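> Here's a structure for you.
There are 2 protein chains.
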Amino acid sequence: MKTNVGIYLYNQAEVLDFAGPFEVFSTASRVKLRIDRDSDAPFSVFTIGEAGQNILAHGGLEVRPTYNFNNHPTINLLIIPGGVVNDEIEKETVIQWIINISSNSEITASVCTGAFLLAKAGLLSGKSATTHWEDVPDFRSMFPDVRVIKNKRWIDEGKIVTSAGISAGIDMSLHLVSRFEGDDLAVKTAKQMEFDWTNI
Amino acid sequence: MKTNVGIYLYNQAEVLDFAGPFEVFSTASRVKLRIDRDSDAPFSVFTIGEAGQNILAHGGLEVRPTYNFNNHPTINLLIIPGGVVNDEIEKETVIQWIINISSNSEITASVCTGAFLLAKAGLLSGKSATTHWEDVPDFRSMFPDVRVIKNKRWIDEGKIVTSAGISAGIDMSLHLVSRFEGDDLAVKTAKQMEFDWTNI
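Following this line, the structure appears as structure tokens:
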């Protein structure tokens with residue numbers, strides 16, 4: 009069954025935080041189709057903005073989300089990238105959307121400071137999680153009910169997976185490819201991306 | 009002096025090929041400003057499309073280039089990402105633009121199959137270069153006057169720098185940060201991105 013991967017986009021999202029996972033899942037689908045031309049693409053990857061308007065990512069890259077909160081397909085794997093999350097964490101509609109989508113998705117995952125949004129949504133309470141090394145002290149003081157782990161590329165808590173900073177989102181996404189489609193496809197995807205996967 | 013980094017965007021460009029360098033140079037600027045608040049940002053990073061219209065990257069990410077061929081600022085470092093380059097390599101306006109910009113830029117660099125566009129523009133003749141491992145045979149037969157090197161993250165030929173596939177563009181961009189601003193900033197940028205830099 010095809011996995012719908014929905015990546016949330018917002019102003020000041022970190023470019024590699026969303027582009028890394030986007031690259032991993034779209035490459036994984038292409039690699040799978042090459043191995044078996046009769047198969048279906050295992051992943052459908054798309055982006056969602058709150059209102060569907062263009063967003064300006066951190067540093068100024070302008071991206072047009074494919075969908076908005078009201079018209080996106082079912083999401084099996086929700087990915088929340090990091091970036092400057094100060095505005096997002098205060099938006100009730102955004103946090104409530106994450107809660108709603110997460111309650112029906114198979115997996116909700118964050119990259120970098122995206123973990124702050126998952127924590128604000130209550131998804132990390134009592135769980136282990138990770139975030140960008142620089143933000144660990146702030147995270148611990150804001151969310152004392154989360155066990156923050158350092159020096160790991162990602163933490164897999166089953167329905168919730170969090171990754172460390174920026175490029176660690178690529179390692180985590182390869183791990184998620186492995187969970188959905190097996191280790192062989194994840195390894196081949198990393199090779200196609202010429203990425204030195206930290207497979208731990 | 010600030011380095012203007014211009015990244016060419018086109019339909020079917022590979023997402024990580026342009027997002028990786030974008031992330032590196034914008035992060036390097038932020039890291040530098042944190043070290044020395046009185047300094048100027050060392051890099052200004054922007055995107056250019058042929059006509060300035062939105063482009064659909066490989067896999068469907070929709071990006072709006074900031075500039076077009078007729079209104080972009082001076083480019084000191086031109087970056088040509090890879091992707092499905094079949095259409096681009098046949099466009100005389102694109103190849104001529106690369107020739108023109110390259111003749112005035114300090115460095116022209118490619119990621120992955122972007123090397124095919126540099127070769128078509130005649131910039132790699134008699135030089136060493138690299139590209140995605142999978143495309144080496146095609147590259148060699150199309151451009152026999154280029155020495156193709158395998159198993160290197162990037163090849164630095166001074167004014168021309170080429171990188172291997174997809175994620176190798178991040179390694180190459182860190183190398184270019186080092187060339188413009190020194191190794192210390194490149195190392196700190198990699199740490200900020202939590203990227204395991206292949207510094208060879």
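Residue numbers (my numbering), protein chains in the order written: chain Y, 9 to 208; chain C, 9 to 208. For each residue, glycine too, the CB sits at the ideal point set by N, CA and C. Since the structure is predicted, the reported quantities are computational estimates derived from the model, not experimental observations.
1) When you compare the CB of Met201 (chain Y) with every CB in chain C, is at least one pair closer than 8 angstroms?
2) Taking His66 (chain C) as the query, report the chain Y residues whose CB atoms sit under 8 angstroms from its CB, ordered along the chain.
3) Let me see if you follow: with CB-CB separation under 8 angstroms, is Asn62 (chain C) close to chain Y or not?
4) Quick check: what's the CA-CA separation for Met62 (chain C) versus Lys10 (chain C)?
5) Short of 7 angstroms in beta carbon distance, which residues of its chain neighbour Ser136 (chain C), apart from the five on each side in sequence? Order them along the chain.
6) Do you know how far the Cα of Gly190 (chain C) is from the Cα of Ser47 (chain C)?
7) According to the neighbour-count rule (16 or more other Cβ atoms, all chains shown, within 10 Å of its Cβ), is Ser118 (chain C) buried or exposed?
8) Which residues, taken in chain order from the region 42-61 of chain C, show a beta carbon closer than 8 angstroms to some beta carbon of chain Y?
9) Give the list of continuous alpha helix (DSSP H) stretches no shorter than 4 residues that lie fully inside the region 20-105 of chain Y.
10) Could you tell me the alpha carbon to alpha carbon distance between Leu131 (chain C) and Trp105 (chain C), rounded to whole angstroms?
11) Where does the unbroken beta strand (DSSP E) through Ser118 (chain C) begin, and where does it stop?
12) If the cut is a Cβ gap below 9 angstroms, which residues of chain Y does Ile174 (chain C) touch?
13) For the region 61-76 of chain C and the region 96-104 of chain Y, state whether three or more C-beta atom pairs, one from each stretch, are separated by less than 8 angstroms.
14) In angstroms with no decimal places, state the Cα-to-Cα distance between Asn12 (chain C) and Gln200 (chain Y).
15) Roughly how many whole angstroms lie between the Cα atoms of Ala36 (chain C) and Gly60 (chain C)?
16) Among residues of its own chain, excluding the 5 on either side of Asn112 (chain C), which ones have a beta-carbon nearer than 7 angstroms to its beta-carbon?
17) Chain Y partners of Thr11 (chain C), CB-CB under 9 angstroms?
18) Going straight from the alpha carbon of Lys128 (chain C) to that of Ile103 (chain C), what length do you get?
19) I want to see whether chain Y comes within less than 8 angstroms of Gly162 (chain C), judged by CB atoms only; does it?
20) In the structure shown, what three-state DSSP assignment does Gly14 (chain Y) receive?
21) Quick check: the Cα distance between Ser34 (chain Y) and Asp204 (chain Y), rounded to an integer number of angstroms?
22) Check whether the region 38-45 of chain C and the region 192-199 of chain Y touch, using three or more Cβ-Cβ pairs below 8 angstroms as the test.
23) Report the three-state DSSP secondary structure of Ala228 (chain C) (helix, strand or coil).
24) Please report whether the beta-carbon of Ala129 (chain Y) lies at a distance below 8 angstroms from any beta-carbon of chain C.
25) Rounded to a whole number of angstroms, what is the C-alpha to C-alpha distance between Tyr75 (chain C) and His183 (chain C)?
26) Taking DSSP's pairing of strands, which residues face Trp162 (chain C) in a bridge?
27) In the structure shown, what three-state DSSP assignment does Ser133 (chain C) receive?
28) Label Thr82 (chain C) either buried or exposed according to how many other C-beta atoms from any shown protein chain fall within 10 Å of its C-beta, with 16 as the threshold for buried.
29) Can you check DSSP and say which residues form a bridge with Val156 (chain C)?
30) Would you say Val71 (chain Y) reaches chain C, if we count a Cβ-Cβ gap shorter than 8 angstroms as a contact?
31) DSSP three-state label for Met180 (chain Y), please.
32) Taking C-beta to C-beta, are Ala172 (chain C) and Glu31 (chain Y) nearer than 8 angstroms?
33) Please state whether DSSP places Phe151 (chain Y) in a helix, a strand or coil.
34) Would you say Gly28 (chain C) lies against chain Y (beta-carbon separation less than 8 angstroms)?
Per the coordinate set shown:
1) yes
2) Ser34
3) yes
4) The residue asked about is misnamed: residue 62 (chain C) is Asn in this sequence, not Met. Roughly 27 angstroms separates the two Cα atoms.
5) Arg155, Ile157, Ile163 and Glu165
6) 15 angstroms
7) buried
8) Val53, Phe54 and Thr55
9) 23-43
10) 12 angstroms
11) Ile115 to Ser118
12) Glu31, Thr35, Gln200, Met201, Glu202 and Phe203
13) no
14) 30 angstroms
15) 26 angstroms
16) none
17) Simply none; closest approach about 14 angstroms.
18) 7 angstroms
19) According to the sequence provided, residue 162 (chain C) is Trp. The question's Gly does not apply to it. Trp162 (chain C) does not count as touching chain Y.
20) strand
21) 18 angstroms
22) no
23) With chain C covering 9 to 208 only, the question about residue 228 (chain C) has no answer from this structure.
24) no
25) 26 angstroms
26) C:Ser171
27) coil
28) exposed
29) C:Ala137
30) yes
31) helix
32) no
33) coil
34) yes
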